[in-house]
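S.K.:
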Amino acid sequence: MRIGLIAIDGCFGSAVASVIDIVRVADGARGDVDPRIDPIELAILGPKRRVTTTASMTLSVDHPLSESGEFDVVVVPALGTLTAAATHDALQSRDARSVIASLGRLDEATTRIAAACTGVFAVAETGRMHHRRATTSWFLGPEFLKRYPTVALDLDTMVVVDGNLVTAGAAFAHIDLALSLVRSISPDLAQHVAKLLIIDERPSQAAFVAYEHLRHEDPIVVEFERFVRARLDEPFNVAFVAQSLGTSRRTLERRVRAALNLTPLGFVQRLRIERARHLSATTDLTSAEIALRVGYANAETLRSLLRRERRRS
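Counting in full-length UniProt numbering, the sequence shown runs from 1 upward without gaps.
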């Protein structure tokens with residue numbers, strides 16, 4: 001397999017380094033796992049001969065972007081941004097536009113595209129993600145949905161594979177992305193590399209999501225979140241909440257789904273689990289007392305939801 005890793009000035013240093021290290025360890029270890037595994041080649045692609053990452057790491061570019069189609073997989077790492085505004089600006093840069101144009105010219109029948117974190121935005125700019133599943137940094141989910149409403153965004157899953165398109169979550173999900181690429185070559189090799197580098201399996205971003213930090217600007221969703229956070233210990237009725245906010249149930253459900261990719265009930269359940277975990281870690285309350293404080297009549301209902309979340313994460 002030939003893997004082309006795209007790098008531009010300002011890309012996330014540890015993201016690039018983690019992909020390089022995992023792929024090169026996999027290539028070095030393949031003979032120990034199965035001598036029949038073909039060599040795994042990794043090369044740096046870019047718009048200029050040298051690029052500098054956020055960690056001031058300088059990389060020599062092996063191939064211009066025009067040669068991206070010669071690789072089996074092209075990986076787009078994070079742009080090195082943490083906010084919606086900064087990501088928007090980064091996507092307008094000359095280098096980013098060159099990357100987007102080169103991605104748009106790739107033949108999906110011969111070249112797989114893999115991206116993580118804000119690098120997923122660059123792939124989405126090509127239009128290749130229409131009506132396809134993808135993931136990205138959980139805290140930029142609302143902005144992603146606003147920019148690319150036809151993408152089926154899954155903020156829970158760490159790595160999403162949809163045909164010849166592979167996407168991963170926030171910054172250190174580059175590790176999961178790289179392992180996913182190795183796993184497509186050999187599951188045994190991926191498991192061996194994970195053991196060598198002590199990489200735990202993390203199939204979900206759900207455990208890392210702090211919903212109060214999600215950036216959504218829809219005034220109805222903002223009021224909905226404020227309303228239910230103040231009443232997590234009360235029974236939830238979406239029609240009653242919609243009426244209290246001066247809107248219809250249908251409008252509330254549609255706006256919450258658009259902003260958070262969750263149903264109103266699903267969002268309330270996530271908030272309750274988040275609050276329950278906080279109370280469990282910071283108080284001496286019993287499971288039954290915590291359950292009542294987050295709107296469940298008994299502790300078993302809460303324990304069941306927590307177990308389900310643990311299985312997903």
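Each residue gets a CB set at the ideal place from its N, CA and C atoms; glycine is no exception.
The model shown is predicted, which means the values in this text are computed figures rather than measured ones.
Going along the chain, which residues of its own chain have a beta-carbon closer than 6 Å to the beta-carbon of Y296, five neighbours each way excluded?
M.R.: Answer for Y296: L302, listed in chain order.
S.K.: State yes or no: is the C-beta of L155 within less than 8 Å of the C-beta of F121?
M.R.: In this structure, F121 does not lie closer than 8 Å to L155 by Cβ.
S.K.: Report yes if the CB atom of T135 is closer than 8 Å to the CB atom of T167, and no otherwise.
M.R.: Yes, the Cβ-Cβ distance between T135 and T167 is below 8 Å.
S.K.: Is there contact here, the segment 38-53 with the segment 3-13, by at least three beta-carbon pairs under 8 Å?
M.R.: At 8 Å Cβ cutoff, the stretches touch.
S.K.: Starting from G28, trace the alpha helix (DSSP H) both ways and give me its first and last residue.
M.R.: Here the alpha helix (DSSP H) through G28 covers G13 to V33.
S.K.: Just checking my contact of T111 with D72 at CB under 8 Å: how many whole Å lie between their CB atoms?
M.R.: That pair is a contact at about 7 Å.
S.K.: According to DSSP, is G141 part of a helix, a strand, or is it coil?
M.R.: Here G141 sits in helix by DSSP.
S.K.: What are the boundary residues of the beta strand (DSSP E) that includes I199?
M.R.: Run containing I199: none; DSSP gives neither H nor E here.
S.K.: With a Cβ-Cβ cutoff of 8 Å, do V16 and A26 count as a contact?
M.R.: No.
S.K.: Tell whether a beta-carbon distance below 8 Å holds between L179 and I22.
M.R.: It is a contact, given that the beta carbons lie within the stated cut-off.
S.K.: Run through DSSP, which three-state label would I37 get?
M.R.: In this structure, I37 counts as coil in the three-state DSSP scheme.
S.K.: Compute the distance between the beta-carbons of V221 and R255, then report whether it is under 8 Å.
M.R.: In this structure, R255 lies closer than 8 Å to V221 by Cβ.
S.K.: By DSSP, does H130 sit in helix, in strand, or in coil?
M.R.: Coil at H130, not helix or strand.
S.K.: By how many angstroms is the C-alpha of L140 removed from the C-alpha of S18?
M.R.: Approximately 22 Å, taken between the alpha carbons.
S.K.: Please report the distance separating the alpha-carbon of E234 from that of V123.
M.R.: Going from the Cα of E234 to the Cα of V123 covers about 42 Å.
S.K.: Could you please give the first and the last residue of the uninterrupted alpha helix (DSSP H) stretch that includes R270?
M.R.: R270 -> alpha helix (DSSP H) spans P264 to T282.
S.K.: Taking 8 Å as the cut-off, does the segment 100-108 touch the segment 138-153 (at least 3 CB pairs, one atom from each stretch)?
M.R.: As far as the Cβ criterion goes, the segment 138-153 does not touch the segment 100-108, which means the pair count is below three.
S.K.: From I40 to R257, what does the alpha carbon distance come to, in whole angstroms?
M.R.: In a straight line, the C-alpha of I40 is about 41 Å away from that of R257.
S.K.: Consult DSSP for residue 317 and reduce its assignment to one of helix, strand or coil.
M.R.: With the chain represented from 1 up to 313, any question about residue 317 goes unanswered, as that position is not in the structure.
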